[in-house]
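Comments concern the structure below.
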């Protein structure tokens, strides 16, 4: 599967980014310098409907962590009309921070957690995982996010029960790629659960922001 990803991922990602650029509203970037000539002008970006922090960081070739820090953000929630400060560009594109092995790992998680859900529901599970990567409340690498333990309990049950080791199908793989391209049907959720199965009382106290298939999606308390 890793060889498969190494071969097809660059092509799929390139197509995804081209399509995103075609359908997305044009970027409204401006230089905020108050009429003075500055050596390092401050660039800003006006958020459009459908934008995600991942999209913006990728488009402007800046690190997600740097974008968060520049705007004093602790989560992934943004809304149309927000003005974001763009940090200086760095040499490596953001997409390079996610390895082919991590893409496969994300697809495995999606398959284990949501193989009975719709494609949209699978993208949603991937989006929650990536939203955690953005949030300062969670670890700073995708692998660490997926394998995180709290009070000696894995955040994602497939890690504990071993189902993370199942081979993902093509739909789970493409759901992972869609989530990585910035699609987030949850609206910024950091948690999800199946109310018919979950026995966790704490997670039921979190603010619900969406329901997709059998899963409830929630943000932090």
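Numbering (my numbering), first residue to last: 1065 to 1285. Beta carbons: idealized from backbone N, C-alpha and C, even for Gly. All values reported here derive from a predicted model rather than from experimental measurement.
Check: DSSP state of residue 1108 mapped onto helix, strand, coil; Outcome: strand
Check: At least 3 beta-carbon pairs within less than 8 Å: the segment 1227 to 1237 vs the segment 1245 to 1264; Outcome: no
Check: Within 9 Å, strictly: CB atoms of residue 1130 and residue 1148; Outcome: no
Check: Whole-angstrom C-beta distance between residue 1187 and residue 1117, which should lie under 8 Å; Outcome: Not really, about 17 Å apart at Cβ, beyond 8 Å.
Check: Buried/exposed call for residue 1265, threshold 16 Cβ in 10 Å; Outcome: exposed
Check: Presumed contact (8 Å Cβ cut-off) between residue 1277 and residue 1243, rounded CB distance; Outcome: Going by Cβ atoms, the distance from residue 1277 to residue 1243 rounds to 15 Å, so no, they are not a contact pair.
Check: Spatial distance of residue 1222 from residue 1201 (CA atoms); Outcome: 21 Å
Check: Secondary structure of residue 1213, DSSP reduced to three states; Outcome: strand
Check: Inter-residue Cα distance where the pair is residue 1173 and residue 1111; Outcome: 30 Å
Check: Straight-line gap, residue 1210 to residue 1143 (C-alpha atoms, nearest Å); Outcome: 27 Å
Check: As assigned by DSSP and simplified to three states, the class of residue 1179; Outcome: coil
Check: Between the CA atoms of residue 1206 and residue 1162 - distance to the nearest angstrom; Outcome: 8 Å
Check: Endpoints, beta strand (DSSP E) assigned at residue 1273; Outcome: 1272 to 1276
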